[in-house]
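Right, one structure below, let's go through it.
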Amino acid sequence: MIIVGTAGHIDHGKTTLTRALTGIDTDRLKEEKQRGISIELGFAPLDLPDGRRVGLVDVPGHERFVHHMIAGASGIDIVLMIIAADEGVMPQTREHLAICELLGVARGLVVVTKADLVEEDWLELVQEDLRDQLSDTFLRDAPILTFGAGWEDRRDAFREELLRTLAELAPDAPRPGGDRPLLLPIARVFSSKGFGTVVTGTVVSGSLAVGDALEVLPDRLPVKVRTLEVHNARAERSEVGTRTALNLADGDMARISRGMVLARPGAVEPTRRIVMRLKAVPNLSEPAKTRFSALFHVGTTYVEAEVRLLDRDRLGPGEEALAALHTRQPVVILPGMHAVIRGFSEVADFGKTLGGGPILLPVIPRARPENIVALGRLSSEDGAERVTAAALLAGPRGIRRRALSAWVDLDPAPLAVAAERAVDGEDLVLLPGTGGGSSAAAEDVLLHREHERSLLERVSARIGVYHGANPRRPAMPREELRSQVHGIEDPRVFHALCDLWVATKDLAGDDRALRLPEFQLRLDDRFLGLTGSVEAQLAAAGVTPPTLGELRAAFPGADLEDALAHLVKEGRLVRVTGDLIFHADAVEGVRSKVVRHLETEGTITTQQFKEITGLTRKYLIPLAEHFDATRLTVRTSDSARRLRKA
39 MIIVGTAGHI DHGKTTLTRA LTGIDTDRLK EEKQRGISIE LGFAPLDLPD GRRVGLVDVP
99 GHERFVHHMI AGASGIDIVL MIIAADEGVM PQTREHLAIC ELLGVARGLV VVTKADLVEE
159 DWLELVQEDL RDQLSDTFLR DAPILTFGAG WEDRRDAFRE ELLRTLAELA PDAPRPGGDR
219 PLLLPIARVF SSKGFGTVVT GTVVSGSLAV GDALEVLPDR LPVKVRTLEV HNARAERSEV
279 GTRTALNLAD GDMARISRGM VLARPGAVEP TRRIVMRLKA VPNLSEPAKT RFSALFHVGT
339 TYVEAEVRLL DRDRLGPGEE ALAALHTRQP VVILPGMHAV IRGFSEVADF GKTLGGGPIL
399 LPVIPRARPE NIVALGRLSS EDGAERVTAA ALLAGPRGIR RRALSAWVDL DPAPLAVAAE
459 RAVDGEDLVL LPGTGGGSSA AAEDVLLHRE HERSLLERVS ARIGVYHGAN PRRPAMPREE
519 LRSQVHGIED PRVFHALCDL WVATKDLAGD DRALRLPEFQ LRLDDRFLGL TGSVEAQLAA
579 AGVTPPTLGE LRAAFPGADL EDALAHLVKE GRLVRVTGDL IFHADAVEGV RSKVVRHLET
639 EGTITTQQFK EITGLTRKYL IPLAEHFDAT RLTVRTSDSA RRLRKA
């Protein structure tokens, strides 16, 4: 599907031309008929000579409805710039042209309408003037056609010429973004008798089909596609760039409005913080300051926003800047979408448009010099450089692999290749995150190496503090460490980082506790005497040791826990539960008896365990579970135990 949009000043004949081309009157509202102007967007199908289908979008020309015009112009492939011969270029002509350029439209043609109302020599002057006025725009070399509503005998020839020109301008390659997350900005909502809620819009990215479960953002309203139509014809599927009407099951019409967006559940997160590349219009009357308020237009929505320039103090006519926007309400965007910024007061002979450009990020990073550089690299031709820049801007939390498309303007296949290249080049660290969804790999986290090193510094500093406060404890428990290090909420990511640091010898320890590699226990004679006494008492107790509470009573003082931890680390004691600590020789004695029994009998019941050890359940059950936990034994279906196979 090729999307062609009209543009131009009010009453220059956009709707008349659309009707002449398609036979469809896109002014369907009673108010439009009464006032003789377009208020809402109009749509009509058109077929090119080569069989390709065109979706023609007729936009309002009145300054009051520019937000509708922007909604219609978003995502068009070709613009039909309509200019009346009797008036020439007017304020909304200039503003609509600027908007199309800001929205990334690069193809178009000019139609001079009302040519039947002026003399031939005047028409030639108008065309010469247009060439001059369009010389510094993307329409500088565009074809210029002439049309008169009263030219009945020439209408067919004009239509053929226009369709032929559109076919030459139309892109041959499929529209990009077909494999990216689904985004369909809603342009219209209405109720159809016998069907219920119907919404219309153009698929900006991705695709959808009958039966798909979707959600309406930003309210996360779940809906299901009951049926869909493409230009009044039933269809099973709709692709990127296609004008689509959807009949929604479970959709409460009262809760759905223009400006909302259809997406797949959980695929896109609404945001109120955006970074974009902002280009000022050439007609800007005075430079924009570092901070200002404006209206942010993207897709079919527009909201108030606070704009802050990131890499310059002022933005003059035609200049570009990186800009951070904080919107008053959440919006739904993907990197690569184009947006328009409009002010609240009119620029003389132009309109209220201040600028616009492509969206770069759904977050606002800190305005540090390295982040400004990274923002610039989001537009790099090298995909790996884009992914690396996004990971740097994401901070210490990193980016989940399935969320990459919300940060980088690439289709999934090249995006996956770019991510692998960035990891292979050691710019990024790939860490397993929380499993979930259809693919646990989608939850893997990409962390920039700079953030990984920064986190290591913070973790090392925290462990150093622990060592200082606990000089006789061999290591800091991982869970205690995790509770004190902010920025790593995902436990699996935290433990994956710890494993990485142990493997690279940046830290020492195991899956329970960590220490600095250079840390040495400070054991004085008094402490060594305490550990000797504790060990002697537990050795004497054998398989019936005192509880932790009883040990505390026997050895009052804060050093007991340190002594126990030291003896456990040395392998002289075994902590079976939080309350029961056995001497290692006692545990080994019980273990030997259990193994001998299992090698002869194959299994052991709780009663047999009791008979061969003479233990009560107070000690028997914790030891049996300890042997399970240390992978010596495994439970059978009848609650007995057998040796675990290697």
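Per my numbering, the sequence shown starts with residue 39, numbered consecutively.
Built from N, CA and C at the ideal position, the CB exists for glycine as well.
From a predicted model like this one, the values you see are computed outputs, not experimental measurements.
Would you decide whether Glu158 is buried or exposed? Buried here means 16 or more other CB atoms lie within 10 Å of its CB.
exposed
- Tell me the start and end of each unbroken beta strand (DSSP E) in the region 95-149 that is at least 3 residues and wholly inside, in chain order. 116-122
Selected residue, minimal CA-CA separation from Gly580, among Glu626, Trp539 and Leu561
Glu626
Can you list, in chain order, the stretches of the alpha helix (DSSP H) that have 4 or more residues and sit fully within the region 372-417?
-> 407-415
Tell me the rounded alpha-carbon separation between Leu484 and Gly436. 5 Å
- Which one of Val336, Gly652 and Gly234 has the shortest CA to CA distance from Ile294? Gly234
With DSSP run on the structure shown, which of helix, strand or coil describes Ser521? helix
For Leu605 and Ala551, I'd like the C-alpha separation in whole angstroms. 15 Å
Review point. At a cut of 8 Å, does the region 388-407 reach the region 301-319 through at least three beta carbon pairs?
Key: yes
With 16 other CB atoms within 10 Å as the buried threshold, where does Val632 fall? buried
Gln367 by DSSP, collapsed to three states: which one?
-> strand
Q: Would you mind sorting Ile650 into buried or exposed? The rule is 16 or more other CB atoms within 10 Å of its CB.
A: exposed
Worksheet entry | Backbone CA spacing between Arg516 and Val503 [nearest angstrom] | 14 Å
### Query
Under the three-state reduction of DSSP, which class applies to Asp49: helix, strand or coil?
coil
Requested in this report: Starting from Arg629, follow the beta strand (DSSP E) in both directions and report where the run begins and ends.
Outcome: Run containing Arg629: none in the beta strand (DSSP E); it sits in the alpha helix (DSSP H), Ala622 to Glu639.
Note to self: Please report the distance separating the alpha-carbon of Asp23 from that of Met514.
What the structure shows: Past the boundaries of the shown model lies residue 23; the chain is included only from 39 to 684, so the question cannot be answered.
CA nearest to the CA of Arg487, picked from Glu495, Val467, Glu481 and Ala499: Val467
Worksheet item: Which ranges would you report for the alpha helix (DSSP H) in the region 545-586 if only whole runs of at least 4 residues count?
Response: 563-579
Query raised in the report: Do you know whose CA, among Val370, Glu357, Gly89 and Thr671, lies nearest Leu201's CA?
Result: Gly89
Exposed or buried, what is His47 when buried is set at 16 or more other beta-carbons lying within 10 Å of its beta-carbon?
buried
request  = Give every residue of the same chain whose Cβ lies closer than 8 Å to the Cβ of Gly393, excluding the five residues on either side of it in the sequence, and list them in chain order.
outcome  = Leu140, Leu316, Lys317, Ala318, Val319, Leu322, Ala326, Leu353, Val378 and Ile379
Under the three-state DSSP convention, the category Gly421 falls into: helix
Review point. Beta carbon of Leu183, beta carbon of Thr203: below 8 Å?
Key: yes
Secondary structure of Glu70, DSSP reduced to three states:
Low confidence applies here, because Glu70 scores a pLDDT of 44, under 50, leaving its location unreliable; read the following figure in that light. Reduced to three states, the DSSP call for Glu70 is helix.
ask   = What are the partner residues of Asp85, as DSSP defines its beta bridges?
value = Arg91
Mind checking Glu686: buried by the 16 CB within 10 Å criterion, or exposed?
-> In this structure the chain extends from 39 to 684, so residue 686 is not present and cannot be described.
Original post:
Tell me the DSSP bridge mates of Ser229?
Top reply: Thr235
* To do: Flag this pair as touching only if the region 492-502 and the region 517-533 have three or more C-beta atom pairs under 8 Å; answer yes or no.
  => yes
For this session: Measure the CB-CB distance between Leu86 and Thr60 and report whether it falls below 8 Å.
Result: no
Can you tell me which of Ala451, His376, Arg520 and Gly433 puts its alpha carbon nearest to the alpha carbon of Ile402? Gly433
Task: Exposed unless 16 or more other CB atoms sit within 10 angstroms - verdict on Gln130 - done: buried
Legend entry - For Phe532, the first and last residue of its enclosing alpha helix (DSSP H): Pro529 to Ala541
Please name the residue in Ala45, Arg629 and Arg680 whose C-alpha comes closest to that of Glu639. Arg680
With a threshold of 16 other CB atoms inside 10 Å of the CB of Thr280, please say whether the residue is buried or exposed. buried
Excluding the five sequence neighbours on either side, which residues of its own chain have a C-beta within less than 7 Å of the C-beta of Thr582, listed in chain order? Tyr657
### Message
Let me confirm a value: Phe196 is counted as buried when at least 16 other C-beta atoms fall within 10 Å, else exposed. Which label applies?
### Response
buried
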